[in-house]
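Only one structure is covered here, and it is reproduced in the block below.
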Amino acid sequence: MSAVLDEKVTVVQAPAAGSPGRAVLALALFEGRRLLLRLPMLGALALYAVWIGWTAPDYQDGYPALQDADRATQFGPLLVGLAALFCANQAVLRSKRRDTERHFGVLPLEPWRRTAAHALSVVPVALLVAAGVGVQFGWSALKSGAVGSGSPAELLVGPLAVLLFGAFGVLVARLVPSGLAGPLIVLFLFLAAVMVAPSGDGERGAHWLEPVVSDASGNSLPSDLLGRPAAWHALYLAAFALTVALVAMVVAGGRGWALRGALAGALALAVTGGVLQTGALPKSVVTARERASVSPEKVQNCVRRDGSTYCAFPEWSRRVDTWAGVVHEVQSLAGGPAHDQDLVIRQRIDARYGLESDTALQPSAAAHHVTVGTAWGGNRVPEFSTAVASVLVAGSEKATVDLCDGRMVTIMWLGISGLPDPLRSLRNVRLDDSLYGSAIVLSPTNPLGMTAAQTDVVRELLGKDHDEVEARVKAHWTELTAPKVSTARAAALLGATTPKKGLEKCER
Amino acid sequence: MSEAGVLVRELTPVVARTLPWRALAAGAALGLSLAWIPRLPGDGTAAWQSLTILRTAVLAYALGLAFLLDDPARHLTSTVPVRRALRTGLRLALVTPLTVVWWTAVLLLIPSQVRPPWGAVTVEAAAACALALAAGALAVRLTQEPRPGPSVAAALLFTGIVSPLLLPKSWALFVWPQDKRWDTSHERWAWVLAGALTVLLLCLREPVRRLRPLRRGTGSSSPSGV
Numbered sequence: 004m005s006a007v008l009d010e011k012v013t014v015v016q017a018p019a020a021g022s023p024g025r026a027v028l029a030l031a032l033f034e035g036r037r038l039l040l041r042l043p044m045l046g047a048l049a050l051y052a053v054w055i056g057w058t059a060p061d062y063q064d065g066y067p068a069l070q071d072a073d074r075a076t077q078f079g080p081l082l083v084g085l086a087a088l089f090c091a092n093q094a095v096l097r098s099k100r101r102d103t104e105r106h107f108g109v110l111p112l113e114p115w116r117r118t119a120a121h122a123l124s125v126v127p128v129a130l131l132v133a134a135g136v137g138v139q140f141g142w143s144a145l146k147s148g149a150v151g152s153g154s155p156a157e158l159l160v161g162p163l164a165v166l167l168f169g170a171f172g173v174l175v176a177r178l179v180p181s182g183l184a185g186p187l188i189v190l191f192l193f194l195a196a197v198m199v200a201p202s203g204d205g206e207r208g209a210h211w212l213e214p215v216v217s218d219a220s221g222n223s224l225p226s227d228l229l230g231r232p233a234a235w236h237a238l239y240l241a242a243f244a245l246t247v248a249l250v251a252m253v254v255a256g257g258r259g260w261a262l263r264g265a266l267a268g269a270l271a272l273a274v275t276g277g278v279l280q281t282g283a284l285p286k287s288v289v290t291a292r293e294r295a296s297v298s299p300e301k302v303q304n305c306v307r308r309d310g311s312t313y314c315a316f317p318e319w320s321r322r323v324d325t326w327a328g329v330v331h332e333v334q335s336l337a338g339g340p341a342h343d344q345d346l347v348i349r350q351r352i353d354a355r356y357g358l359e360s361d362t363a364l365q366p367s368a369a370a371h372h373v374t375v376g377t378a379w380g381g382n383r384v385p386e387f388s389t390a391v392a393s394v395l396v397a398g399s400e401k402a403t404v405d406l407c408d409g410r411m412v413t414i415m416w417l418g419i420s421g422l423p424d425p426l427r428s429l430r431n432v433r434l435d436d437s438l439y440g441s442a443i444v445l446s447p448t449n450p451l452g453m454t455a456a457q458t459d460v461v462r463e464l465l466g467k468d469h470d471e472v473e474a475r476v477k478a479h480w481t482e483l484t485a486p487k488v489s490t491a492r493a494a495a496l497l498g499a500t501t502p503k504k505g506l507e508k509c510e511r
Numbered sequence: 012m013s014e015a016g017v018l019v020r021e022l023t024p025v026v027a028r029t030l031p032w033r034a035l036a037a038g039a040a041l042g043l044s045l046a047w048i049p050r051l052p053g054d055g056t057a058a059w060q061s062l063t064i065l066r067t068a069v070l071a072y073a074l075g076l077a078f079l080l081d082d083p084a085r086h087l088t089s090t091v092p093v094r095r096a097l098r099t100g101l102r103l104a105l106v107t108p109l110t111v112v113w114w115t116a117v118l119l120l121i122p123s124q125v126r127p128p129w130g131a132v133t134v135e136a137a138a139a140c141a142l143a144l145a146a147g148a149l150a151v152r153l154t155q156e157p158r159p160g161p162s163v164a165a166a167l168l169f170t171g172i173v174s175p176l177l178l179p180k181s182w183a184l185f186v187w188p189q190d191k192r193w194d195t196s197h198e199r200w201a202w203v204l205a206g207a208l209t210v211l212l213l214c215l216r217e218p219v220r221r222l223r224p225l226r227r228g229t230g231s232s233s234p235s236g237v
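Shown next, in the form of structure tokens:
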């Protein structure tokens with residue numbers, strides 16, 4: 004007899020040939036998690052967070068111009084980018100180092116798709132950096148003293164630079180499969196970042212090909228005068244990162260027509276962005292800068308507060324009330340006609356050189372005109388209040404240029420005594436941060452000079468009873484503000500000790 | 012010839028063959044090409060730039076040195092009668108003269124009018140190289156990894172980039188020659204060098220008792236599992 008074979012046909016389900024896209028995504032998620040948890044990456048992210056916490060709260064003395072705050076987010080991500088370059092490089096080389104390349108070789112996922120997953124694994128880092136940029140910019144934007152507006156393209160530069168660096172690490176690993184190549188390239192890039200200063204190239208030019216383009220000046224300008232091709236630069240960075248990643252995939256053996264087409268498209272975009280951002284500065288920006296510098300009244304809005312006129316660039320009009328508070332404070336201490344004098348507070352900039360250099364403003368010759376800059380907070384407050392006091396005493400900014408007599412005592416007392424911490428303000432407003440001896444006093448336009456004798460008198464007056472000095476200032480206003488009044492006479496009128504002779508040399 | 016002498020003579024070519032020549036050559040080549048920068052035609056190099064170049068060149072070479080103690084056959088060689096200290100010592104002895112030659116070449120490549128004081132910079136360079144070797148030795152001593160080079164290089168690179176930015180100014184390790192703390196700074200560098208060399212010497216021995224990661228439920232020596 005023969006046994007009856009009860010043959011059951013078991014159908015072995017072959018693993019569904021799922022789309023390779025899902026496998027790439029799964030691998031990218033896995034690699035992305037590993038990349039985030041590498042020690043250098045954790046260190047870089049921690050440093051980035053510390054950097055944000057360190058710089059963001061007091062950016063521009065708490066009165067940020069948002070068109071500067073967006074650019075201030077671009078440097079921190081570079082450190083994370085270097086870590087991404089290094090870690091992505093090591094991650095691609097891991098299979099070679101651990102000798103698992105042979106095992107991967109039998110899997111259906113081709114090397115170029117694995118390369119794509121490695122390039123994608125940088126995306127979570129870039130998202131984290133984007134969150135960091137958002138926090139840093141939001142910190143400035145939520146300040147009550149914030150003015151202006153940020154540019155999304157400038158904010159994108161940080162995350163895009165991280166993507167570019169990560170893709171570069173993957174490409175280097177495919178070109179030079181050695182563990183030392185990554186660190187050496189990081190070192191070289193770091194040196195290049197330290198050593199290559201943007202100089203001599205003008206505002207546009209080849210230095211826009213660098214991932215982050217800084218500018219030499221600390222001036223704030225209205226956002227329409229910046230003339231930075233931020234959108235083209237963001238496009239250039241994004242397309243460049245994509246190009247590098249696609250080249251890495253081609254090097255790893257990708258040969259599909261879609262891949263080649265994408266590479267050609269990305270390259271075309273990168274070249275377009277790269278060429279357009281380096282082109283000459285538009286004529287319209289040059290003329291707008293000229294107009295804002297030479298005849299600001301054509302672009303400014305003027306409002307009246309307490310009889311005085313405040314003219315500011317539209318983006319700064321929110322700050323008028325802050326200025327008016329300081330002017331009111333100084334004017335309430337003045338006597339004679341100055342007490343009710345109508346002033347014109349005009350915001351002035353010199354934008355003709357863009358962000359390339361800091362330029363000094365010429366003092367205004369018009370009577371009762373006071374200049375205010377674009378920055379505020381910190382030392383800018385006593386500088387402005389001193390300028391207001393000097394115009395109230397001398398009549399105009401031009402008249403204070405060679406002022407070197409007893410009027411300086413009145414100017415400094417008027418300007419400083421109304422501020423919260425007068426002695427600290429006095430120290431801040433003097434160029435050498437001193438409380439003794441002669442010094443140069445900063446102001447929005449031309450600096451003033453204080454002699455050692457005047458410094459002694461002002462310091463003594465700031466220590467005296469405020470109301471008593473105020474009454475004396477108002478009572479003797481005409482004599483105190485007369486040209487050529489001596490410091491000794493001013494001190495006597497204000498009830499201070501007469502200074503010793505021989506300390507009357509103005510510093511210029 | 013003594014027994015040790017014979018041993019060293021026989022070991023030298025073998026050890027020389029296992030050195031990471033490519034990593035060392037890459038680091039040295041990058042360092043030399045960096046030192047070439049001041050000689051390029053252009054508007055000249057400032058003194059601070061030449062010091063930065065020298066420091067970067069040293070870091071590049073030190074990154075190569077971080078791979079020096081990599082030993083792919085480590086798990087096989089841990090049981091051979093020749094001590095690890097001797098083999099590591101041979102590696103160091105082979106590399107030291109090359110390092111001296113390389114450093115001299117780098118110093119000579121920097122034009123003399125912008126060259127920082129060479130003695131002080133040499134102390135810095137020696138400290139950086141010793142730190143790289145000490146980190147490598149420490150990694151070999153504390154881990155089971157046969158090739159800790161990439162991780163050591165990463166740590167060194169991270170330290171090298173971040174410490175000039177983050178170390179307190181009062182430590183004064185990274186100063187310019189005009190700084191009046193230049194001499195005290197290099198006394199500190201000498202201490203760093205001495206500390207790194209001490210760590211290197213302490214880590215030369217083969218780790219006999221290995222650090223085991225703590226695991227629950229496995230590896231218990233008691234038969235009852237308690």
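Chains as they are written, first to last, in my numbering: chain A, 4 to 511; chain B, 12 to 237.
All C-beta atoms, glycine included, are put in the ideal place defined by N, C-alpha and C.
- With fewer than three CB-CB distances shorter than 8 Å, the region 60 to 71 of chain B does not count as touching the region 481 to 490 of chain A.
- Counting the other CB atoms within 10 Å of its CB gives lysine 180 (chain B) a total below 16, which places it among the exposed residues.
- Chain B has a Cβ within less than 8 Å of the Cβ of glutamine 93 (chain A).
- The shortest CA-to-CA distance from alanine 84 (chain B) to any of B:Ala207, B:Pro159 and B:Thr67 is the one to B:Pro159.
- Glycine 452 (chain A) carries a strand assignment under DSSP once its states are collapsed to helix, strand and coil.
- Where asparagine 92 (chain A) is concerned, there is no enclosing beta strand (DSSP E), although the alpha helix (DSSP H) around it starts and stops at 79 to 100.
- Judged by DSSP secondary structure, isoleucine 414 (chain A) falls within the alpha helix (DSSP H) whose first and last residues are 410 to 420.
- Contact of arginine 33 (chain B) with chain A by beta-carbon distance below 9 Å involves Ser181 and Leu183.
- Taken in chain order, the complete alpha helix (DSSP H) segments of 4 residues or longer contained in the region 301 to 340 of chain A are 323 to 336.
- Taking the beta carbon of proline 43 (chain A) as reference, the chain B residues within 7 Å of it are Ala165 and Phe169, listed in sequence order.
- Chain B places a beta carbon closer than 8 Å to that of leucine 194 (chain A), counting this residue as a contact.
- The shortest C-alpha to C-alpha distance from glutamine 70 (chain A) to any of A:Ala267, A:Leu224 and A:Asn92 is the one to A:Leu224.
- By the neighbour-count definition (other C-beta atoms within 10 Å, threshold 16), valine 53 (chain A) is an exposed residue.
- Contact between the region 431 to 442 of chain A and the region 487 to 505 of chain A is not established, with fewer than three Cβ pairs separated by less than 8 Å.
- Under the Cβ distance rule, proline 214 (chain A) does not count among the residues neighbouring chain B, no pair being separated by less than 8 Å.
- In the DSSP assignment, the residues bridged to valine 373 (chain A) are A:Ile348.
- Isoleucine 443 (chain A) has A:Gly452 as its beta-bridge partners, per DSSP.
- Annotation: Cβ neighbours of phenylalanine 191 (chain A) in chain B (cutoff 9 Å, chain order): Leu41, Leu45, Thr67 and Ala71.
- Among the bridge pairs identified by DSSP, arginine 433 (chain A) is matched with A:Val444.
- Asparagine 304 (chain A) counts as exposed, since fewer than 16 other beta carbons sit within 10 angstroms of its beta carbon.
- Closest option to arginine 258 (chain A), judged by alpha-carbon separation, among A:Trp115, A:Arg36 and A:Leu45: A:Trp115.
- When only Cα atoms are considered, proline 214 (chain A) and threonine 413 (chain A) end up about 52 Å apart.
- In terms of beta-carbon proximity, phenylalanine 168 (chain A) stays away from the interface with chain B, with every pair separated by 8 Å or more.
- Counting other Cβ atoms within 10 Å of its Cβ, histidine 342 (chain A) stays below 16 and is therefore classed as exposed.
- Scanning chain A for C-beta atoms nearer than 7 Å to the C-beta of alanine 37 (chain B) yields Leu183 and Leu187, reported in chain order.
- Straight through space, the alpha carbons of proline 175 (chain B) and tyrosine 239 (chain A) are spaced by roughly 32 Å.
- In the three-state scheme derived from DSSP, where H, G and I count as helix and E and B as strand, alanine 15 (chain B) is classed as helix.
- Contact between phenylalanine 191 (chain A) and leucine 88 (chain A) is ruled out by a C-beta separation of about 11 Å, above the 8 Å threshold.
- Listed in chain order, the non-local C-beta contacts of alanine 354 (chain A) below 6 Å within the same chain comprise Leu224, Leu228, Arg292, Ala295 and Ser296, local neighbours out to five positions each way being set aside.
- In summary, no residue of the region 120 to 138 of chain B has a CB separated from any CB of chain A by less than 7 Å.
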